[in-house]
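**Q** Numbering (our numbering), first residue to last: 95 to 492. Backbone N, C-alpha and C fix where the C-beta goes; we use that ideal spot for every residue, glycine too.
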């Protein structure tokens with residue numbers, strides 16, 4: 095495993111050195127920097143209904159504005175067509191998290207060209223190949239993302255964000271090879287100190303269609319990735335996972351688009367055989383996946399309506415029979431104009447006995463929501479390498 099860590103370090107360092115070698119002082123120009131400000135506000139009202147055998151229903155009204163985020167990015171033109179800059183973002187976390195009122199989910203510095211992106215700081219970790227078109231990006235988290243084996247609670251941000259150094263090479267803006275080293279958030283024990291050392295390493299290889307052509311081609315995305323976690327307890331088996339996913343257009347009609355998405359994750363756990371708490375469900379051996387069928391109606395070349403059906407399943411290999419969870423979701427969003435959508439989502443989730451005990455959830459949970467979503471971006475002095483600042487946020491109309 096030492097060799098793999100060294101190989102990853104050599105890849106990242108060599109990419110950085112190669113990039114810096116290209117940033118020569120030739121052809122210096124006095125170009126004004128670019129400033130981007132973006133915001134995505136998500137507000138929903140709904141109801142949660144939990145049921146257990148032989149127990150009365152638990153009904154609760156929910157007013158949720160989590161995942162609302164504000165982003166600021168500054169970048170400057172460097173020599174030889176390179177860009178350098180930084181991105182800062184704050185987000186309202188889930189109400190039941192331990193992160194306080196606001197959470198800094200983006201705080202990174204980057205150096206990029208058309209073929210290479212190098213980034214260091216806090217950002218989204220490499221936990222999935224595909225984006226599932228749910229209302230919020232954590233609605234299908236147990237099925238769509240790799241889970242942080244160092245987290246002991248149920249704060250979803252622990253599985254989505256980390257302190258990262260990564261290098262991504264692309265060919266023709268369609269074929270991507272990324273390598274990363276990450277510090278996944280640890281939940282400190284009583285009296286323990288927070289450790290910021292690197293504890294996760296991995297790589298991803300993917301084909302992603304150019305956005306302008308994505309609706310016209312059969313293959314939108316296809317890729318695979320691997321992650322290794324440096325679990326400090328040497329008595330446990332190595333913890334690693336592999337993931338693969340694909341998104342295909344079933345119909346490329348420019349008005350009535352239909353696509354299908356599938357992703358599967360196999361997690362090789364630490365050898366534990368008891369699901370005692372939330373952390374044990376993240377560290378045990380399991381397989382999970384998600385399937386999506388999405389319809390999009392386009393009018394005047396703008397997405398107007400989207401309806402998606404999603405299914406997720408996870409199996410934890412514990413005991414003779416194992417433990418299972420599953421979820422089914424249906425949602426729809428209507429575009430009222432640039433950046434403003436109204437939507438609704440219904441989701442039902444089920445869990446077997448040991449999972450319920452470990453996570454403290456009912457056997458069946460229903461959630462129905464009505465939502466308003468507003469996205470906004472302001473760019474001053476746009477530079478040649480164009481990418482929306484909102485790309486780092488979850489988008490249910492990808």
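How would you write the range of the beta strand (DSSP E) that residue 448 sits in, first residue to last?
**A** Per DSSP, residue 448 belongs to no beta strand (DSSP E); it is in the alpha helix (DSSP H), 447-453.
**Q** Confirm, please, whether the CB-CB distance from residue 198 to residue 214 is below 7 Å.
**A** no
**Q** Which value, in whole angstroms, describes the spacing of the CA atoms of residue 172 and residue 178?
**A** 7 Å
**Q** Note down the Cα distance separating residue 447 from residue 463, rounded to an integer number of angstroms.
**A** 27 Å
**Q** Once DSSP output is grouped into helix, strand and coil, what is the label at residue 174?
**A** In this structure, residue 174 counts as helix in the three-state DSSP scheme.
**Q** Compute the Euclidean distance between the alpha carbons of residue 143 and residue 368, then round it to the nearest angstrom.
**A** 28 Å
**Q** Work out the CA separation of residue 230 and residue 488 for me, nearest whole Å.
**A** 7 Å
**Q** Please confirm whether residue 201 and residue 182 have their CB atoms less than 7 Å apart.
**A** yes
**Q** Scan the region 195-255 and note each continuous beta strand (DSSP E) run of 3 residues or more that stays entirely inside, going in chain order.
**A** 197-206 and 210-218
**Q** So, for residue 325: in the same chain, excluding its five sequence neighbours on each side, which residues have a beta-carbon less than 7 Å away from its beta-carbon?
**A** Once the five neighbours on either side are set aside, the close Cβ partners of residue 325 are 243, 333 and 364.
**Q** Mind checking which residues open and close the alpha helix (DSSP H) that includes residue 145?
**A** From DSSP, residue 145 is part of no alpha helix (DSSP H) but of the beta strand (DSSP E) over 128-145.
**Q** Starting from residue 469 and walking both ways along the beta strand (DSSP E), at which residues does that stretch end?
**A** Here the beta strand (DSSP E) through residue 469 covers 458-474.
**Q** Taking the alpha-carbon positions, what's the residue 308 to residue 338 distance?
**A** 19 Å
**Q** Given a cut-off of 7 Å, decide if residue 279 and residue 252 are closer than it, judged by their beta-carbon atoms.
**A** Going by C-beta atoms, residue 252 is nearer than 7 Å to residue 279.
**Q** Within the continuous beta strand (DSSP E) that includes residue 343, where are the two ends?
**A** 333-346 is the extent of the beta strand (DSSP E) around residue 343.
**Q** For my contact list, residue 453 and residue 372 are in at a C-beta cut-off of 8 Å; report their separation, rounded to the angstrom.
**A** 6 Å
**Q** Assign residue 370 to one of three DSSP states: helix, strand, or coil.
**A** If DSSP states are grouped into helix, strand and coil, residue 370 belongs with coil.
**Q** DSSP on residue 378, reduced to helix/strand/coil?
**A** coil
**Q** Just the C-alpha distance for residue 434 and residue 331, rounded to the nearest angstrom, thanks.
**A** 48 Å
**Q** In whole angstroms, what separates the C-alpha of residue 349 from that of residue 310?
**A** 11 Å
**Q** Rounded to whole angstroms, what's the CA-CA distance from residue 395 to residue 238? Just pull it up for me.
**A** 30 Å
**Q** Suppose you measure from the CA of residue 206 to the CA of residue 212; what does that come to, to the nearest Å?
**A** 6 Å
**Q** Report the three-state DSSP secondary structure of residue 486 (helix, strand or coil).
**A** helix
**Q** What is the DSSP secondary structure of residue 88, counted as helix, strand or coil?
**A** For residue 88 there is no data in the structure shown, the boundaries of the chain being 95 and 492.
**Q** Is residue 382 buried or exposed, if buried means 16 or more other CB atoms sit within 10 Å of its CB?
**A** buried
**Q** I'd like the ranges of any beta strand (DSSP E) spanning at least 3 consecutive residues and lying wholly in the region 388-439.
**A** The qualifying runs are 396-410 and 417-431.
**Q** Hey, how far is the Cα of residue 195 from the Cα of residue 218?
**A** Their backbone Cα atoms lie some 19 Å apart in a straight line.
**Q** In its own chain, which residues sit with a C-beta less than 6 Å from the C-beta of residue 316, not counting the 5 before and 5 after it?
**A** 301 and 340
**Q** Which residue's Cα is closest to the Cα of residue 390: 351, 298 and 159?
**A** Of 351, 298 and 159, the residue nearest in Cα terms is 351.
**Q** Would you check if the distance between the CB atom of residue 146 and the CB atom of residue 456 is smaller than 7 Å?
**A** yes
**Q** Tell me residue 180's beta-bridge partners as DSSP assigns them.
**A** 168 and 203
**Q** Cutting at 6 Å between CB atoms, please list the residues of its own chain near residue 248, excluding the five before and the five after it.
**A** In chain order, 372 place their CB closer than 6 Å to the CB of residue 248, counting only its own chain and leaving out the 5 sequence neighbours on each side.
**Q** Can you tell me which residues form a DSSP beta bridge with residue 355?
**A** 341 and 386
**Q** Can you list, in chain order, the residues of its chain whose CB lies under 8 Å from that of residue 304, leaving out five sequence neighbours each side?
**A** Closer than 8 Å at Cβ, skipping near neighbours: 267 and 268.
**Q** Which whole-angstrom value describes the C-beta separation of residue 560 and residue 227, a residue pair presumed to lie in contact below a C-beta threshold of 8 Å?
**A** Summary: the structure shown does not reach residue 560, with the chain confined to residues 95 through 492, and so no result is reported for it.
**Q** Judging by CA-CA distance, which residue of 275, 297, 296 and 299 is the nearest neighbour of residue 290?
**A** 275
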